[in-house]
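Numbering (this note's numbering), first residue to last: 854 to 962.
Encoded structure:
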């Protein structure tokens with residue numbers, strides 16, 4: 854399995870990257886809104902839970918999206934796909950080789 858992905862697949866990743874990031878942030882904000890609106894818990898409990906969520910999600914965001922490089926493109930695509938942040942339509946734009954490699958990385962191949 855080559856370390857670098859094909860140029861065409863790199864372009865797909867570069868277009869999908871900001872969309873996947875938006876989906877991730879939308880998911881996190883929905884999680885925070887759910888905790889924030891839980892009136893069964895005290896404000897302090899909600900604050901602490903939101904703080905924990907944000908710490909965890911910040912680590913996840915960094916792992917998924919920081920420093921996109923072509924040499925890490927396959928790994929990044931696999932992680933984004935595993936998190937459900939790459940749509941089937943976006944995934945279908947990738948070359949068959951890259952889709953197969955992602956399947957192998959995710960244990961589906």
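Beta carbons: idealized from backbone N, C-alpha and C, even for Gly.
| Check | Outcome |
| --- | --- |
| Restricting to Cα atoms, I'd like to know which of 914, 948, 923 and 922 is closest to residue 933. | 914 |
| From 865, 897 and 958, pick the residue whose C-alpha is nearest to that of residue 935; which is it? | 958 |
| Considering only C-alpha positions, which residue in the set 922, 949, 865 and 857 is nearest to residue 939? | 865 |
| Output the boundary residues of the alpha helix (DSSP H) element that contains residue 921. | Premise fails: residue 921 is in no alpha helix (DSSP H) and is neither H nor E. |
| Using the beta-carbon count (16 or more within 10 Å), is residue 926 buried or exposed? | buried |
| Apart from the five residues just before and just after residue 854, which ones in its own chain have a Cβ nearer than 6 angstroms to its Cβ? | Note that residue 854 has pLDDT 46, beneath the 50 cutoff, so the model's placement of it is unreliable and the number below is only indicative. Same-chain partners within the cutoff: 954. |
| Count the other C-beta atoms from every protein chain shown that fall within 10 angstroms of the C-beta of residue 898, then say buried if there are 16 or more, exposed otherwise. | exposed |
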